[in-house]
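Protein chains in written order, with the numbering used here: chain A, 6 to 301; chain B, 205 to 494; chain C, 646 to 1318; chain D, 5 to 163.
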Amino acid sequence: MARIGYFPGCSLHGTSREYDESLRALLAAMETSVEEIDDWSCCGASSAHQGGRLLGVALPARNLARAEAQGLAEVLAPCAACYSRLAASRHEMDRDPDLAAKVRLVLAREDFRNGVQVKNLLQVLRDRLTDLKAAVRVPLKDLKVACYYGCLLVRPPEVTGGFDDPEAPSSMEEICRALGATPVAWNRRLDCCGASLSLARSPSVIRLGSTILQDARKAGAEVVVTACPMCHSNLDFRQQAMRHRGALEGEMPVLFLSELAGLALGLPPKVLGLHRHFVPTGSVTSRFAAAAGEVG
Amino acid sequence: MRELRDLARRLLEEGSVQTVLGWEEGPRGARPVFVRRPEEAERLIFDPRCVHNLAAYLSPRRPHLKGLGRIAICVKPCDAKAVAGLIRETQVARDQVVLIGLRCGGVLPDPEGRETLSGETVADRCRGCPDREPRLADHVVGTAAEGFPGPSRRQQKVEELLALSPDDRWRFWQQELARCVRCHACRQVCPLCFCEQCIADKTRPRWVESSAHGRGNLAWHISRAMHLAGRCVDCGECERVCPGGIPLGLLTRRVAKTVGERFGWRPSDDPAVPSPVGTWRPEDPQEFIL
Amino acid sequence: MARIGVFVCHCGENIGRTVDCARVAEALRDLPGVVHSVDYKYMCSDPGQQMVKQAIAEKGLTGVVVAACSPHMHEKTFRRAASGAGLNPFLCEMANIREHCSWIHEDREMATAKAIDIARTLVEKVKRNRPLKTIQIPVTRRALVIGGGIAGIQAALDIADGGREVVLVEKEPSIGGHMSQLSETFPTLDCSQCILTPRMVEVYQHPRIRLYAYSEVESVQGYIGNFRVTIRRKARSVDEDKCNGCGACTQACPNRKVPSEFECGLGKRPAIYVPFPQAVPNLPTIDRSRCLLFLNRAKGRPDTCKKCAEACSKGAIDFDQQDRLVTEEVGAIVVATGYQVYSIGKETGRDDLHGYGEYGYGTLPDVIDGLQFERLASASGPTAGRILRPSDGKEPKRVVFLQCIGSRDPAKGMEYCSKICCMYVAKHTMLYKHKVHDGQATVFYMDIRAAGKGYDEFTRRAIEEEGARYIRGRVSRIWRDGEVLKVQGFDTLSGRPILMDADLVVLATAVRPQPGIEALAQKLNVSYDRHGFINEAHPKLRPVETSTAGVFVAGACQAPRDIPDSVAMASATASKVLGLFASEMLEREPTVAVVNDALCAGCFHCERVCPYGAVEHREVRNRAGQVVRVVAYVNPGVCQGCGTCQATCPSKSVELQGFTDDQVYQQIQALGL
Amino acid sequence: MDGEGARPFEPRITAFVCNWCTYTGADLAGTSRLQMAANVRIIRLPCTGRIDPMFIVKAFERGADGVIVSGCHPADCHYNAGNYHARRRFAIFRELVDFLGIDPGRLTFSWVSASEGAKWRDVVNETVDRVRRLGPFTAYRELVTDPPVTRVIGEEVPA
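Next comes the structure, spelled out in structure tokens:
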């Protein structure tokens, strides 16, 4: 059984429990054991690096150092922001040996080699595309999906290592096609969802989010897929407010990529946490979960 | 042995060659022999005492072969690489010689050797040698044999020396090279030292002092090792014939290590494989250059 | 016995301030072999040179050392002076005690000691110098021009008009290059075809120009004055002697759906085609990758379609024609292979040239490049000169032009300015305005670089008179919304984000050298930069020469160039070539390697390391005429004098004249304790 | 040589440089008046390809404490490829003489282009400083004065 390090971050233990649940179920079905970093701490989110470069690098590095000590070669950070912070920290230390030395000092980890690969869900699934394809039980036939990347999953290329084109990515589409779904061509794949302004400037978030969802619908999508708790929350939770302001009509289910993959692998919707969404996911689950029930 | 003698006789009888260059039983063990008549083919032997690299006789700078007609030469895998080197460097034309390849499971350090071949007694250079039969050959004879595993002791010695400080290495080599009397046997026996006039014999200018003092000796051995870079086939003849017992193989091994690690070159019995001297890649490592 | 004269120069205060020149002269006077040693204020002045000449004559000097500035400064001066006094110029050497000593040290003691050392090494060297004669090599007075664009055409015509024969090689079926694709040219807006076509015809009809179109340079041997070039004449599948250019074959071809290269994919052509009506030579070519007959043959099927052959009244179609190799002897080569436009991240096979996924080029049909716009605007183009957008053939009312696509962006692999885009974008806005009077052209630019005669006036006219809207800033994204393109960018002058609708977007893509330029450069032994642009020998003083003597460079294969620049460069190469051809013999510095036949063992390491292929095999025969040995021979015409052979030769049987082992050895000895 | 008394040790450095890049770069250092250590003596050769390892050996024999070899950057060689051959040659040479006990700190290899006058100054100063720290290369100079033959044979040759 393959083994992968796991950095859930705060969202997956809170607002995005379903992301955590679906991921664990998905990876278990793909015979990959998930090993959570022992005593992990905050990635620093959007605030630590505002407080100073060393803090912004050292805070995520603490988690990388722990992962390294645990003997983990790669760590999955499902949250796009966590991923970005961890990967950026790794990149900064790689590029600047003096900084790396300082980080070792403040962490009191002289032996830290900065040798852990940081990956997001796109990378992890694309690495295992053949396995994923082979594990599909319920191909998501005729399901039109809008793959939504948001800001940090494929950018900046220096930090992501350029695993996908930062301006014209294709990895999520590739994964969705492997699941049997049909990705639509649309315009707002890389737009900002409003991210951390969710609370501070919710009107902005509503405007940005509704533009994204409308564009997805215009392109014929039946569901929007994301791999970021922040994007998910802004697009799922805010739909009622969007409708309220007349910025959106009807509902557009927003699924985590792990949920979508879980459905294709025949995992029951409940196991995947699909009942936890604000926007009902029934339009999708009803089409594919019947068959899933038989398998699951 | 039968196979070898029959082949040699046939080649001489049918006239495809006029001389077979091989080994015979001498008063002090195996020694080179030039067989010119079919009935003399019975003199030929091949066993672990046949250590000499006969390719040295092929060099046009050596008069031994003048008037001997077309030649067949017995080669072990390492000897074949030397012949390949001579072909590569246009000293010998491939169609001028017939190569009788001998399957080889290693040789003794010495033609006089009385020991049976074993992991203990085998010549150090044969330890870890991957080649059991020459690919550059017109005929291959002999019985298949297993080789002996590496690494060789001198490979280990090279690593040991590399772990020392430069000063300690300097002392080691000064003690070793102090025994050099500049007899140049290492040069004479080397199949790939075929210059008309060796740089060590040049007087204008004199890059290598002829006196057997530390300075001249160091210059000579640096020069020899440099000239063999990417050419040495590791036949071990230089070290075998050195009357001072200087471990010359350590120098050629050190150079071979550089050439192997940096340029990916190993001695080859394919004359078409270009030598690393005379070729380059834009991406050759240059970490030592400011 | 050597009789050496030493002349120490003060260079006014330049040397004298830190080096005690008198002491240097005095110290050198005591060296064995030195018979004359003096110092003087300005050795390079007339009286200084006279001192040298006089000493040579009066003291019978056999060698001269001038301790002064760098040999790069005045070696020629003093060698000429020595020669004037009857001494072989190569017996004169410079000791550099200015750049390498007085100017970089302050301590007078140390600088003086160093100056003495420097001069001493040269005294010891010059004792071993031998008189050398400049080398004379014959010149084949014909030129090869590679590339039949405007630069190649101009170079060929100028050389041919100068009375010398020219071989012009063009890889495409017709000459004309990119200029033939352009609609009008800046800053005069004259029709490109109208000024180019007469020149193309002139080339075709010129008695001293031999044109090989649809041909490529296969290999190049030899050296300045004596190149031997093998040219591959690719099979057109049409017999050019029989064809009368009637065009019946192209009409008959059933496969009419091949995207036309000339029209940048905006138009179609048949599988047998003439790239454009004014093509020179006016000969059709079968594109074997598209012709049904050849596609069938590749699959082992019988020939079915022979419609072109049936239509030809001359029997000129030859399906079995093979590539032919021809050899030409020339004395000089002009490289004028031109450019290609950056592929905007598509089809390059190179990681460092990716990017611009956000502009949707290749997926959004109404996002095109500048060359495609030229075809839209061209009267002979696929739309007969009407500006119609590719997706639906409608006339765009809002066209957005983006400058610097790839250029000036290290992240896209091209940090250089492509030079021509500012001008052609301004031209495009005008052409657009002239054709679509109610249309609005908008340009996103980083800077407007309009240096050139009439250029700034031209861009100003585009803005002030023709109503083009210029926005300083970049575009971050383009997407389609129904029939319109949404262009999102930033106006850096007003500091505001911009979102605008467009019907057509034109990308001003970077200029890159032609594909395969590296392979050609290697054949020619000329150096190129990391983008593939051919390097000139000196950026200021030798702009059209290359690192290899006898090979010249013109046009956009050297750097992004517009038409006037390319033509000027081409004429410059022609003048260089004609200058080279002015005499039958060529003089070369004698710094070449010479083999000692008696000692050469014939291992040919020298041949392997020689960067110029100057080493040949030479047979040494005995009196009976039998070959006894094969030794190396260095062709003095090819040898450039690097000396790599000598350092590689194990027995030092090849010597570089002027830098022999003995000379270097004596220099090292002179520095000894 | 060793009896220099209180005078500080001044390393003697011989530099073998190519005519087109490093020599010209050193010229530029001069025209730019870049001050540098005065310990280096330049021998001008057309190309690094011309520089024979024996030049370096001879320089040490003649009392040099350090040697600089410098030429054109890769792809910049005036002769297209001389520097590439030199790079292979000196990669081998450097590791060989290091193996023989010559401290590689006494050898500097560098690419200095015609426009890198400041880099040439840095190469010179760095080399002089480094060799100054290593001290005079007396071991090489004593190779002849110290007759080791009889003494060592007695100790070393095994029975």
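Glycine included, C-beta positions come from ideal geometry on N, C-alpha and C. Since the structure is predicted, the reported quantities are computational estimates derived from the model, not experimental observations.
The straight-line gap separating the alpha-carbon atoms of B/A367 and B/P489 is approximately 22 angstroms.
DSSP, reduced to helix, strand and coil, places B/H425 within a helical segment of the structure shown. The three-state reading of DSSP puts D/G70 in strand, counting E and B together. A buried status is given to D/C25, since no fewer than 16 other beta-carbon atoms sit within 10 Å of its beta-carbon. Separation of C/D1242 and B/Q401 (C-alpha to C-alpha, rounded to the nearest whole angstrom) is 12 angstroms. At least one C-beta of chain C is nearer than 8 angstroms to the C-beta of D/H89. By the neighbour-count criterion, in which a residue is buried when 16 or more other Cβ atoms sit within 10 angstroms of its Cβ, C/T766 is buried. Note that the C-beta distance between C/V1120 and C/G1084 is not below 8 angstroms. In the DSSP assignment, C/Y984 falls within the beta strand (DSSP E) that extends over 984 to 986.
Buried is the label assigned to A/Q244, since at least 16 other Cβ atoms lie within 10 Å of its Cβ. Distance between C/T972 and C/S837, taken at the CA atoms: about 34 angstroms. Within the stretch 1165 to 1186 of chain C, the residues whose Cβ lies closer than 7 angstroms to some Cβ of chain D are N1170, S1172, listed in chain order.
By the Cβ criterion, the stretch 303 to 314 of chain B is in contact with the stretch 271 to 279 of chain B, since at least three pairs of Cβ atoms, one from each stretch, lie closer than 8 angstroms. At a cut-off of 8 angstroms between C-beta atoms, D/T112 counts as an interface residue with respect to chain B. By the Cβ neighbour-count rule, B/C399 is buried, with 16 or more other Cβ atoms within 10 Å of its own. For the stretch 20 to 86 of chain A, the continuous beta strand (DSSP E) assignments of 3+ residues that do not extend past its boundaries occur at 37 to 41, 79 to 81, in sequence order. Considering only beta carbons, the part of the stretch 154 to 178 of chain A lying closer than 7 angstroms to chain C consists of D170, E172, A173, in chain order. Inclusion of A/L253 and A/L213 in the CB contact set at 8 angstroms is not warranted, their separation being larger than that value. Distance from the CA atom of C/R1175 to the CA atom of C/D948, rounded to whole angstroms, is 46 angstroms. For C/L1021, there is no enclosing beta strand (DSSP E); the enclosing alpha helix (DSSP H) has its first and last residue at 1015 to 1022. Close to chain B, meaning a Cβ-Cβ distance shorter than 8 angstroms, are the following residues of the stretch 1269 to 1299 of chain C: R1274, V1275, T1293, P1295, S1296, K1297, S1298. Closer than 8 angstroms at the C-beta level to chain C, one finds these residues of the stretch 291 to 312 of chain B: E293, T294, Q295. Taking a Cβ-Cβ threshold of 9 angstroms, the residues of chain D close to C/V1254 are G53, A85, G86, H89, in chain order. Interface annotation, D/K123: not in contact with chain C, CB-CB separation never under 8 angstroms. Scanning chain A for C-beta atoms nearer than 9 angstroms to the C-beta of C/G890 yields nothing, as the closest lies near 45 angstroms away.
With a contact defined as Cβ atoms closer than 8 angstroms, C/T930 and C/P1027 miss out at about 20 angstroms. In the assembly as shown, C/G793 is a buried residue. Its beta-carbon has 16 or more other beta-carbons within 10 Å. For D/A118, the secondary structure class from DSSP, reduced to helix, strand or coil, is coil. Straight-line measurement puts the Cα of A/A221 at about 24 angstroms from the Cα of A/L28. The residues A647, R648, in chain order, have a CB closer than 6 angstroms to that of C/T707 in the same chain once the five nearest residues on each side in sequence are set aside.
Within chain A, the residues placing a beta-carbon under 8 angstroms from that of C/R1125 are N192, ordered along the chain. Listed along chain B, the residues sitting closer than 9 angstroms to D/L100 by beta-carbon distance are I426, A429, M430, A433, L455, R458, V459, T462.
Classified as buried, D/A63 has 16 or more neighbouring CB atoms from the shown chains inside 10 Å of its CB. Here B/L290 is actually not in contact with B/P447; their C-beta atoms are around 26 angstroms apart, not less than 8 angstroms. In this model, A/A183 and A/N239 are separated by some 27 angstroms (Cα to Cα). Listed along the chain, the chain D residues whose CB falls inside 8 angstroms of the CB of C/D762 are R45.
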